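See structure below.
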Amino acid sequence: MSFLKEISPLVKKHFLSENDVLSRRAAQITAEIQQGERRNYNEVLDLSSGDLHRGGIKPITFVRQVLAACLYPALLEDDSLPLDVKQRTENLLRECNGGSVGSYTESSGIAKIKHCVSQFITRRDGGVLSSPDNIFIQSGSLMSLMIMLKLLIRSEDLCRTGVLIPVPTYATFTLALEEQGAAIIPYHLCEEQGWTLQVEELHRALQEARKICNPVALYICNPGNPTGHLQSRKSIEEVIRFAAEERLCLLADEVYQSCVYGDDTEFYSYKKVLSEMDSNISSTVELASFNSASKGFMGECGLRGGYMELVNLDPAVMKYTHTLFSIAPCPPVVGQIALDLMADPPKPGDASFPTFSEEVQSIKNMIRKNTGRIQEVFAELPGISCHPLKAGLFVFPCLHFPPKAIKWAKKRQMEPDMLYCLHLLEETGLHVRPGCEYGQRKDSHHIRLFVGTQENIMEEALQRLKTFHMRFMKEFS
Ligand SMILES: Cc1ncc(COP(=O)(O)O)c(C=O)c1O
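For the sequence shown, my numbering assigns the number -3 to the initial residue and increments by one for each residue that follows.
Printed below as a string of structure tokens:
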């Protein structure tokens, strides 16, 4: 007997979502090319997801050497491994039960690695103290965010728990919220001013929401996905003040914190800014912030290592948090090791330092060059506008479609940017995501492009986009 009838409508909705049409078609085209079908391109170029290694970026040597030796300690006898790699491996294996990465660990992560992460946070924030007791490691930052949502969301209440989220936003988080039964309270980022977060808009969204749900938390993504914006210190202060006045818990998703490229731009963490505000705020506003080994220079998404730091949580709530983490399966040990290496990379004087810094610099240079080229190409194209990228790993240009193109999409009962992406994929083999997946203002249209790929691939992708876009605009003008 099947329990198909019992499957929740939400789960069915996820699986039936047309959002995946693009990925499915991209996979089909790849298979068709492999089977010898002739097209005017010889492969699909995938700029759809924020995955550096999928984009062809090589893993950092130091990271992979330590991981390899942790997985296969016989490599410690190999003369080709630098001394600091061997020392780090030995130190890490000492922290693993039975000296092996194959053992279970504490559910919130290996104590020594939590200590290393807290020291990293203290250094990042110019000395603001961080305690390992407030660090929770999980298999990726999204998993700790989901555990935090379990604490916040009271699914049994008649009046649903509300969470404020930006529009546009990281789509997987919206799905996670829906799954936990939260009421989603959208607040729009201001595209005209470079996707800034405006407090008046937060007030508007909150007032509206209070009529229908019980708002408890405010989610911020800084630097932004998909928008690539970076909040100023002043903007962060305003948001924290708003959270204090409205008694909202802050969920600061800061996974792109090491991807900051714009001139005169600096990343400020919510934790640092909060700690420097008046004591009635700094000691009361509840904050959960998130970071990950998936993003930044390492891009080790597949290893699944992320952490959450909690600040100002009621001790009783902290107790529940510890309990929730203790009943979750422990995060993968390789992901925890990746976090340790992110938090404490080689230093000047270490044998691995020259290669490590060269590799990191070359990834940063590649992203800078790619974003520069994207700006140049977009500036030449009609019907497309884009703010200079300040941070993160995506550009999110606005597409100004001619009315004929919008009519054409309506006739096919599709969002215009989704139809644009499908045709772009079909005609040129370039796979990017449509703005409708991230939320956008009514009647505005976007595409999201990943910028972390080799320069020659980016060049090829831009040529394909340019050819398609020119033809598209001509056809519909
Ligand atoms: C804004 C944002 N937060 C969280 C995540 C998830 O990261 P992790 O791999 O650590 O779960 C992503 C992944 O793309 C992201 O873009």
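Glycine is no exception: its CB is placed at the ideal position from the N, C-alpha and C atoms.
The structure displayed is predicted, hence computed values, not measured ones.
message: Taking only three categories from DSSP, how would you classify Q61?
response: For Q61, the three-state secondary structure derived from DSSP is helix.
message: Between F116 and A334, how many whole angstroms is the CB-CB distance? I'm expecting something under 8 Å.
response: The pair is not a contact, with the Cβ atoms about 13 Å apart (cut-off 8 Å).
query: Can you find a heavy atom of ligand 1 that lies under 7 Å from the Cβ of V251?
result: Answer for V251: yes, Cβ within range of ligand 1.
task: Have a look at L12 and E305 and give me their C-alpha separation to the nearest angstrom.
output: With a pLDDT of 48 at L12, under the threshold of 50, the modelled position of that residue is not reliable, and no figure is offered here.
- request: Return the residue from the list Q409, L458, D336, F321 that minimises the CA-CA distance to L147.
  value: Selected option, being the one with the closest Cα: F321.
message: My output table needs one value for V373: the three-state DSSP class, helix, strand or coil.
response: Helix, per DSSP.
task: Rank P398, T170, H111, V281 by C-alpha distance to the C-alpha of Y303 and give the top, closest one.
output: Nearest option by C-alpha distance: H111.
- prompt: Can you find at least 3 beta carbon pairs, one from the region 226 to 235 and one from the region 257 to 277, that sit closer than 8 Å?
  reply: Taking one beta carbon from each stretch, the region 226 to 235 and the region 257 to 277 have 3 or more pairs nearer than 8 Å; the two touch.
message: Less than 8 Å between the beta carbons of L445 and V391, yes or no?
response: Cβ atoms of L445 and V391: closer than 8 Å.
message: Let's see if you can read the secondary structure: which residues bound the beta strand (DSSP E) around Q134?
response: Start and end: 131 to 134.
- prompt: Which residue spans inside the region 150 to 218 form an unbroken alpha helix (DSSP H) run of at least 4?
  reply: Runs found: 167 to 175, 195 to 206.
query: Excluding the five sequence neighbours on either side, which residues of its own chain have a C-beta within less than 6 Å of the C-beta of F464, listed in chain order?
result: Here the set comprises L420, E423, T424.
message: Given 7 Å as the limit, tell me if S44 has its C-beta closer than that to any heavy atom belonging to ligand 1.
response: Result no, Cβ not under 7 Å from ligand 1.
field: Per-residue DSSP class, three states only, for Q443
entry: This sequence places Ile at residue 443; Gln is not what is there. In the three-state DSSP reduction, I443 falls in the strand class (E or B).
task: Compute the distance between the beta-carbons of G177 and S151, then report whether it is under 8 Å.
output: Here G177 is near S151, since their CB atoms are less than 8 Å apart.
query: Given a threshold of 16 other Cβ atoms within 10 Å of its Cβ, counted over all protein chains shown, does V195 qualify as buried or as exposed?
result: Exposed is the call here.
- prompt: Taking DSSP as the reference, what is the three-state secondary structure of H427?
  reply: In the structure shown, H427 adopts extended strand secondary structure according to DSSP, grouped into three states.
- request: Check whether the Cβ atoms of M362 and E451 sit closer than 8 Å, and answer yes or no.
  value: Judged by beta-carbon spacing, E451 lies within the 8 Å limit of M362, meaning their Cβ atoms are closer than that value.
- request: Following the continuous alpha helix (DSSP H) through N452, name the residue where it begins and the one where it ends.
  value: It spans 451 to 472 - the alpha helix (DSSP H) in which N452 sits, taken as one unbroken run.
message: Measuring only the C-alpha atoms, how far is G292 from T26?
response: As the crow flies, the alpha-carbon of G292 is around 29 Å from that of T26.
- request: Specify whether the region 99 to 106 and the region 240 to 260 touch according to this definition: at least 3 beta carbon pairs, one from each stretch, less than 8 Å apart.
  value: No: fewer than three Cβ pairs fall under 8 Å.
field: Sequence-distant residues of its chain with Cβ nearer than 7 Å to C417 (five each side left out)
entry: Within the same chain, C417 has close Cβ partners L18, V428, R429, P430, I443.
query: If you run the structure through DSSP and keep just helix, strand and coil, what is N87?
result: In the three-state scheme derived from DSSP, where H, G and I count as helix and E and B as strand, N87 is classed as helix.
- prompt: In this structure, does DSSP put M304 in helix, strand or coil?
  reply: In this structure, M304 counts as strand in the three-state DSSP scheme.
query: Going by the C-beta, is N210 closer than 7 Å to any heavy atom of ligand 3?
result: Ligands in the displayed structure: ligand 1; ligand 3 is not one of them.
query: Given that a residue counts as buried once 16 or more other Cβ atoms are within 10 Å of its Cβ, and exposed if not, what is C432?
result: Its Cβ being crowded by 16 or more others within 10 Å, C432 is buried.
- prompt: So T157 and N210 are in contact, right, with Cβ under 8 Å, and what is the actual spacing, rounded?
  reply: Contact flag correct, Cβ pair sits at about 6 Å.
message: Just to confirm before moving on: does the CB-CB distance between E233 and M273 stay below 8 Å?
response: M273 is positioned such that its CB atom lies closer than 8 Å to that of E233.
message: Taking 7 Å as the cut-off, is the beta-carbon of Y215 closer than that to any non-hydrogen atom of ligand 1?
response: False, no ligand heavy atom lies under 7 Å from that Cβ.
query: Going by alpha carbons, who is nearest to G94 out of V329, F397, P341?
result: Considering only alpha carbons, the answer is V329.
- prompt: Distance, Cα to Cα, D346 vs R300?
  reply: C-alpha of D346 to C-alpha of R300: approximately 27 Å in a straight line.
- prompt: Does DSSP put D16 in a helix, in a strand, or in coil?
  reply: Three-state result, D16: helix.
message: Is C297 a contact residue of ligand 1, with contact defined as CB to any heavy atom under 7 Å?
response: Yes; taking the cut-off as 7 Å, the Cβ of C297 has a heavy atom of ligand 1 nearer than that.
Rounded C-alpha distance that separates C155 from E241: Roughly 21 Å separates the two Cα atoms.
message: Give me, in chain order, the residues of the same chain whose beta-carbon lies closer than 8 Å to that of P128; leave out the 5 immediate sequence neighbours on both sides.
response: Cβ-Cβ distances below 8 Å link P128 to A107, K110, H111, V113, S114 in the same chain, with the five nearest sequence neighbours on each side left out; the list follows chain order.
- request: With a 10 Å radius around its C-beta and 16 neighbouring C-beta atoms as the bar for buried, classify S473 as buried or exposed.
  value: Flag for S473 reads exposed.
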